[in-house]
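For the sequence shown, position 127 matches number 127 in the UniProt record's numbering, and the numbering has no gaps at all. We put the beta carbon where it would ideally sit given N, CA and C, even for glycine. See below for the structure under consideration.
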Amino acid sequence: MSDRDIATPTRTKAILERYGFSFKKSLGQNFLIEPNVLRKIVETAELSPDSGVIEIGPGIGALTEQSAKMARKVLAYEIDQRLLPILADTLSLYPHVEIRHGDVLKADVHADVREVFEADQDLAVVANLPYYVTTPIMMKLLEEKLPVRVMVMMMQKEVAERIAADPGSKNYGSLSIAVQYYAEAKLMFTVPKTVFVPQPNVDSAILRLTRRSEPPVDVLDEGFFFDVIQGAFTQRRKTLLNNLSVFFKDSLSKPEVQAALEALEIDPKRRAETVSMAEFARISDAFLARKRAGTEED
Ligand code: SAM
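If you want it as structure tokens, here you go:
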């Protein structure tokens, strides 16, 4: 780390003042001003000199710069037009950084990846995500099955804890399963709110998602599987039987739902937070088979 790093508090302040930049809370703009934290984030991605990095929300380029030092190419999406001239200035020493202006949620990331990176290049997402859209951005990147090896992302600590949670913990829920279906999730370290300008109201954490080559469970229909899980967690304090009876109310009676769960040897009185992904796969496949059989009879 040198004194010239964008992320040092003095340099960040000088850049913001030079451009008269005012933060937009609505865009989740909390910039990191601790070079050691940035270094740890980039180290977590285990980049090689040949790696490519995708970043969402470069801000004034603090994290982008550290990735650029370690990787062959960096592609970064920034929604705030006011940051573009600043980034052109702060990252002028890194011609292998490409900034795309726009909302990452609307971007054709697959097409951009094909255009910017080489085929089969090792790819990592390394980002300090805007907190107001953490989950949509992360789910977009996962569901689109981008060819990335790992995603290292800073987010609200509570969200990272929910994503990485195991069955039986109070944090475990539909988000844990939705993410862990695509990737192995690990909360790597937490970051205090004091290392940001402006300071957010909550602490943050670095989550590492290592993409799986295959989902850990086989299901007949992914969409139905995720819908059943959502349904099972609708009211966390209620039993699986209660939540699923409401979810299937148009097609099955409560005793039918109970019988179906018992046939799977899953206690209907359990709560969803104790049910593993493998058990949800069995539940969803069994109810789907029933539904299909019912449709055929009609
Ligand atoms: N990477 C910088 C850092 O670590 O200091 C800034 C991170 S800041 C938490 C989030 C950044 O994401 C902001 O620069 C914000 O303008 C940008 N942003 C917010 N919503 C976005 C979106 N939908 N697409 C792309 N960038 C977005």
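Range of the contiguous beta strand (DSSP E) that encloses residue i
i: S204; result: 204-211
i: V53; result: 52-56
i: E98; result: 97-101
Backbone CA spacing between residue i and residue j [nearest angstrom]
i: M1; j: K69; result: With a pLDDT of only 44 at M1, under 50, the local geometry of the prediction cannot be trusted, and the value read off the model is given with reservation. Approximately 11 Å between the Cα atoms of the pair.
i: P9; j: E34; result: 7 Å
i: R72; j: D203; result: 31 Å
i: E158; j: P136; result: 16 Å
i: A76; j: R208; result: 19 Å
i: P255; j: K269; result: 13 Å
i: F23; j: V148; result: 31 Å
i: A260; j: A286; result: 8 Å
i: N171; j: T274; result: 11 Å
i: residue 318; j: R39; result: Lying before the first or after the last residue shown, residue 318 is absent from the chain, which here runs from 1 to 298.
i: M154; j: L241; result: 36 Å
i: L91; j: D108; result: 24 Å
i: Q121; j: E65; result: 20 Å
i: L244; j: L93; result: 57 Å
i: N128; j: E262; result: 45 Å
i: V104; j: V133; result: 10 Å
i: V179; j: A185; result: 8 Å
i: G52; j: L175; result: 27 Å
i: K291; j: V219; result: 15 Å
i: I7; j: P49; result: Strictly speaking, residue 7 in this sequence is Ala, with Ile absent from that position. If I take the Cα positions, the gap works out to 22 Å.
i: Q199; j: A62; result: 16 Å
i: I15; j: H96; result: 21 Å
i: T194; j: E17; result: 20 Å
i: R114; j: L123; result: 12 Å
i: I177; j: M277; result: 6 Å
i: L264; j: R282; result: 8 Å
i: V237; j: L141; result: Checking the displayed sequence, the identity of residue 237 turns out to be Arg instead of Val. Cα to Cα, the separation comes out at about 31 Å.
i: D227; j: K106; result: 24 Å
i: residue 304; j: V257; result: Residue 304 falls outside the range modelled here, since the chain spans only 1 to 298, and no answer is possible.
Contact belief for residue i with residue j at Cβ below 8 Å, rounded distance in angstroms
i: F225; j: S284; result: 4 Å
i: V126; j: E98; result: Actually they are not in contact, since the Cβ atoms of V126 and E98 sit about 15 Å apart, beyond 8 Å.
i: L32; j: P58; result: Contact doesn't hold; Cβ gap of about 11 Å is too wide.
i: M188; j: I206; result: 4 Å
i: I60; j: L83; result: 7 Å
i: V152; j: I41; result: 6 Å
i: Q156; j: Y182; result: That belief does not hold up - the Cβ atoms of Q156 and Y182 are roughly 20 Å apart, past 8 Å.
i: V197; j: A45; result: At roughly 24 Å, the Cβ-Cβ gap does not stay under 8 Å, so V197 and A45 are not in contact.
Residue i in three-state terms, based on DSSP
i: I229; result: helix
i: K69; result: helix
i: residue 299; result: No answer is possible for residue 299: it lies beyond the span of the chain, which begins at 1 and ends at 298.
i: T64; result: helix
i: V195; result: helix
i: H110; result: helix
i: Q29; result: coil
i: L288; result: helix
i: I6; result: coil
i: Y181; result: coil
i: Y131; result: helix
i: I266; result: coil
i: L75; result: strand
i: L175; result: helix
i: A124; result: strand
i: R282; result: helix
i: V219; result: coil
i: V150; result: strand
Host alpha helix (DSSP H) of residue i (start-end)
i: I41; result: 35-44
i: N243; result: 240-247
i: A160; result: 157-164
i: I15; result: 9-18
i: L83; result: 83-90
i: L141; result: 134-143
beta-carbon residue i near the ligand NAP non-hydrogen atom, thresh 7 Å
i: N128; result: The ligand NAP is not part of this structure, which contains only the ligand SAM.
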